[in-house]
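Under the working numbering, the first residue of the sequence shown carries the number 457, and numbering increases by one thereafter.
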Amino acid sequence: MTKRPEEGVFAEERKRMIVEIVNTNVKTTVADLCRRFSVSPATIRNDLRDMEEAGLLKRTHGGAISNARANFEPNAYQKEVERIHQKRAIAQIAAAYVNEGDTIALDTGTTAFEFAKLLVDYQSLTVVTNDLQIAAFLERSSYANIIMAGGAVRRNFHCTAGQKAIDTLLDLNVDRTFLAANGVSISRGVTTPNIETAYVKERLVKLADEVVLLADSTKIDKVSFVKYADISDIDVIITDDEADSDYVETLRGMGIVVELCTQQQNTTNDNKNLKNKSI
């Protein structure tokens with residue numbers, strides 16, 4: 457019998473996939489997850505318990521439901537385990553928008569961090585960011601000049617926010633800003649759950665000659681709590697090919713460049729990396 461792709465995956469990968477299933481379908485059952493992953497009900501229940509303790513979902517009798525709400529914002533750990541392959545593929549396309557000698561602004565978030573990992577070989581790059589993890593990584597692993605937006609640190613989100621962070625950014629200008637979002641809507645704009653974070657994102661938009669939005673397909677045609685930009689403020693949207701095709705064409709009709717990545721692009725790149733490591 458031919459195995460399904462989900463079978464035989466490691467525990468952490470299985471948990472990532474369970475989170476995606478719950479967030480996509482709103483709910484799922486233990487029985488369905490057992491069939492998908494060919495593991496026992498006890499294993500699935502243990503997975504669900506661990507993920508509920510991490511705040512990734514809410515357990516119900518016989519299954520689990522999504523805990524996503526308009527003002528719900530996954531913390532840094534939660535974001536790390538969601539749609540990681542799509543985020544890496546989006547980052548690959550975003551890297552083509554960076555030129556040697558550029559000054560760029562980089563938003564906080566896991567997609568932005570995957571993007572930052574691709575900046576290590578640039579010899580002359582200046583990066584403005586409010587993300588502590590990105591700044592620390594680039595300081596350790598790249599040649600980039602780093603400007604950190606100071607301010608109050610959002611605990612569990614490894615970024616700065618508030619007026620102090622905004623003050624750091626007031627007199628700066630960059631070639632390109634790379635943004636993250638929790639919701640992207642034609643009618644209601646680009647949105648995020650936290651007001652203080654929204655103010656920083658709004659300022660990052662104003663710094664740039666060009667604004668590139670990194671958002672996987674689960675964010676497209678969705679709305680979160682606070683708007684920080686109109687859709688017309690965005691020049692480029694990079695998402696994955698699961699985004700609704702009609703919605704994508706409407707965005708393109710508004711003059712926005714929409715780039716679609718595939719998970720296969722990321723898998724191919726991962727395989728190349730593994731091959732290079734083995735040499």
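Even for Gly, the Cβ is constructed at its ideal location relative to N, Cα and C. This one's a predicted model, so the numbers in the text were calculated from it and none came from an experiment.
Identify the continuous beta strand (DSSP E) that holds Lys657 and give its terminal residues. Element bounds for Lys657: not the beta strand (DSSP E) but the alpha helix (DSSP H), 651-663.
In chain order, what residues of the same chain have a beta carbon less than 6 Å from the beta carbon of Leu716, not counting five sequence neighbours either side? These residues qualify, in order along the chain: Asp697.
Taking the alpha-carbon of Thr624 as reference, which of Lys543, Val714, Ala510, Ala561 has the nearest alpha-carbon? Measuring C-alpha to C-alpha distances from Thr624 to each of Lys543, Val714, Ala510, Ala561 identifies Ala561 as the nearest.
Just to confirm the assignment, what range does the alpha helix (DSSP H) spanning Glu468 have? It spans 467-481 - the alpha helix (DSSP H) in which Glu468 sits, taken as one unbroken run.
Leaving aside the five residues before and after Val661 along the sequence, list all residues of the same chain whose C-beta is less than 8 Å from its C-beta, in chain order. Within the same chain, Val661 has close Cβ partners Thr633, Leu635, Val667, Tyr684, Ala685, Asp689.
Mind checking Asp665: buried by the 16 CB within 10 Å criterion, or exposed? Burial call: exposed.
Between the Cα of Asn479 and the Cα atoms of Ala552, Asp691, Lys675, which residue gives the shortest distance? Nearest option by C-alpha distance: Lys675.
Rounded to whole angstroms, what's the CA-CA distance from Val640 to Ser496? Just pull it up for me. Approximately 38 Å, taken between the alpha carbons.
Could you have a look at Arg515 and say whether DSSP puts it in helix, strand or coil? In the three-state DSSP reduction, Arg515 falls in the strand class (E or B).
Which residues does DSSP list as the beta-bridge partners of Asp587? Asp587 pairs with Cys615.
For the candidate residues Glu658, Val656, Phe593, Met710, whose alpha-carbon lies nearest to that of Ser643? Selected option, being the one with the closest Cα: Met710.
Can you grab the Cα-Cα spacing for the pair His614 / Phe681, in whole Å? Straight-line Cα distance between these residues: approximately 20 Å.
Exposed or buried, what is Arg472 when buried is set at 16 or more other beta-carbons lying within 10 Å of its beta-carbon? Its Cβ being crowded by 16 or more others within 10 Å, Arg472 is buried.
Contact check, Val630 vs Thr564 under 8 Å by CB: the rounded distance? Taking C-beta atoms under 8 Å as the contact rule, Val630 and Thr564 fail to qualify, at a distance of about 16 Å.
Just list the residues that DSSP pairs Asn638 with in beta bridges. Paired residue(s): none; Asn638 is not in a bridge.
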